[in-house]
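Colleague:
Right, dumping it as structure tokens:
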């Protein structure tokens, strides 16, 4: 039973680490896009769903909300990753 659990943890750690890094990079890109859109970069579009665009003055608050959600979800992924690592050590 211990071998099966270690095998699944070995498979989960690379997937979780890539997911963690991707969520953190997406959070940073979200903040950067909100700032750039607010200060005049017209190529960046933000919308809630198709056809519903966010007004330019609300770009920074919306991007901060999205990045906070991404950051908190990355904390749960990191917690799962440390759990898998702790299972491999013992």
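Numbering (our numbering), first residue to last: 29 to 118. Ideal placement from N, C-alpha and C gives every residue a C-beta, glycine not left out. Everything numeric in this text was worked out from a predicted model, so none of it was measured.
1) Any contact between the stretch 33-43 and the stretch 69-79? By contact I mean 3 or more CB pairs, one from each, below 8 Å.
2) With contact counted as at least three CB pairs below 8 Å, one residue from each stretch, are the stretch 96-116 and the stretch 49-67 in contact?
3) Are the CB atoms of residue 34 and residue 116 nearer to each other than 9 Å?
4) Residues bridged to residue 53 by DSSP?
5) In this structure, does DSSP put residue 72 in helix, strand or coil?
Modeller: Here's the rundown:
1) Inter-segment contact for the stretch 33-43 and the stretch 69-79 is absent: fewer than three beta-carbon pairs are separated by less than 8 Å.
2) The way I'd put it, the stretch 96-116 does touch the stretch 49-67; three or more beta-carbon pairs between them come closer than 8 Å.
3) In this structure, the beta-carbon distance from residue 34 to residue 116 falls below 9 Å.
4) Per the DSSP secondary-structure output, residue 53 pairs with nothing in a beta bridge.
5) Residue state for residue 72 is assigned as coil, using DSSP reduced to three classes.
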